[in-house]
Every structure is written in C-alpha cells, then in structure tokens.
Amino acid sequence: MKNRFGISKNVFVLGLVSFFNDVASEMIYPLVPIFLTSVLGAPVAIVGLIEGIAESTASVLKVVSGWLSDKLRKRKPFVIAGYSFSAISKILLSLAFSWPFVLIARFIDRFGKGTRTSARDALITESSENLVRGRAFGFHRAFDTLGAVVGPMIALLAIHFLDNKFRLIFFLAFIPAFIGILLLLFFVKEKKKEANS
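Per full-length UniProt numbering, residue 1 is the first one in the sequence shown, and the count goes up by one each step.
Next comes the structure, spelled out in structure tokens:
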C-alpha cells in the first residue's frame with residue numbers, strides 16, 4: 001500500500017519511528033556532557049572517551065548486524081532489538097550515579113544503533129519499488145532530520161521548565177522512544193524475499 005508520497009506503508013512508518021527515536025536521542029545528547037561534568041563531576045576527558053567508545057561500537061555493529069540479517073533473511077527483529085536497546089538506555093541514563101554507568105548507557109544506545117541501521121535500510125529497500133527507492137530514503141532521512149531538530153528544542157524547554165532536572169529529562173526521553181517501538185511492532189511488516197534474490 002502506498003500513501004500520497006508514493007512510498008510504502010513500511011517506509012512511512014519507519015520514517016515516523018526514526019522521528020520519535022531521534023527526538024528521544026537528541027533530547028539527551030546535548031545534555032550528557034553537562035550532566036557528566038556538572039552533576040557527576042567527571043573530568044572533561046571522560047566525555048570524549050565515552051563518546052569515542054560509543055560511536056566505535058555503532059560502526060562495528062553495523063557491519064556485523066547487516067551480515068547477520070542477510071544470513072538469517074530477517075530484518076524486523078534486528079530493527080526492533082536496536083530501537084529497544086536505545087530506548088532502554090534512556091532509563092539507564094536517568095539512573096546513572098557515576099560516569100561508568102553513563103558509559104554503559106551510551107554503549108547500549110550505540111549498540112542499538114549499530115544493530116538496527118543496516119537491517120532497517122535493507123527493509124526500506126525491500127519495501128520500495130526500484131523507481132521510488134531514492135524518494136523512500138529521502139523521506140526517511142527527512143523525518144530522521146526533523147526529529148534531530150525537534151529533540152534539542154524540547155531539551156531546551158525541559159531544562160527551563162524542569163529546573164535542570166537532568167534525570168527526569170532523560171527518563172521523559174523514553175516516552176517518544178517507546179512510541180517508536182510500538183509503531184514498529186504493530187505497523188511494520190517483514191518483506192518476503194526469494195532465496196536467490
């Protein structure tokens with residue numbers, strides 16, 4: 001089934017999922033360095049260490065999860081698992097009492113990104129006809145970018161109205177992430193592929 005944009009239901013819903021996930025992630029990302037240094041008293045160097053480990057994890061996992069999803073001929077389980085890991089990391093971050101706990105939360109978040117990305121992109125490809133694949137990816141990236149814009153705006157408002165209650169903001173970020181998972185669970189369908197395709 002296609003909507004008015006000429007893209008499939010799967011692609012449309014995956015765009016919404018990415019929007020909500022990016023809102024959640026970008027509500028947190030700008031605040032983590034401040035939380036680490038101001039609340040937990042971590043050295044500035046620790047901020048770089050945590051992000052370096054987290055991003056390296058995502059890069060490596062993209063290759064591994066992509067290969068595994070091809071081998072198992074399944075996409076949706078990897079996408080669900082990836083977004084779920086990232087959602088759980090929001091709650092873990094709200095409970096962090098020291099910088100190693102933040103490292104674990106960020107590792108789980110990026111582990112989730114690495115797990116889902118290749119399988120999600122493959123699912124977008126398999127859910128789109130050849131002539132509209134560029135449009136499908138453009139639509140998805142547009143929603144992804146929109147979430148990355150909305151998230152920091154919400155974070156700024158939350159900081160103002162919640163009086164710098166970082167842990168509460170981190171916990172609230174779980175809500176849009178959870179909405180994305182529900183959309184994924186109930187409205188995205190695995191695409192059947194022939195064994196030689």
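Cβ atoms here follow ideal geometry from the backbone N, Cα and C, with glycine treated the same way.
Query                                                                                                                             : Result
Spell out the partners DSSP gives serine 84 in its beta bridges.                                                                  : For serine 84, which the question treats as bridged, DSSP gives no partner whatsoever.
Looking only at C-alpha atoms, which of Leu93, Asp144, Val32 sits nearest to threonine 117?                                       : Asp144
By the 10 Å Cβ neighbour count, where 16 or more other Cβ atoms means buried, how is methionine 27 classified, buried or exposed? : buried
If we ignore side chains and look at the alpha-carbon of each, how far apart do leucine 93 and leucine 131 end up?                : 42 angstroms
Could you tell me the alpha carbon to alpha carbon distance between glutamate 51 and arginine 106, rounded to whole angstroms?    : 8 angstroms
Express the C-alpha separation of leucine 36 and valine 102 in angstroms, rounding to a whole number.                             : 8 angstroms
Quick one, which of Phe85, Val63, Gly114, Ile159 has its alpha-carbon nearest glycine 180's?                                      : Phe85
If you draw a straight line from the C-alpha of threonine 57 to the C-alpha of phenylalanine 111, how long is it?                 : 6 angstroms
Just checking, does the region 33-47 make contact with the region 65-75 on the three C-beta pairs under 8 angstroms criterion?    : no
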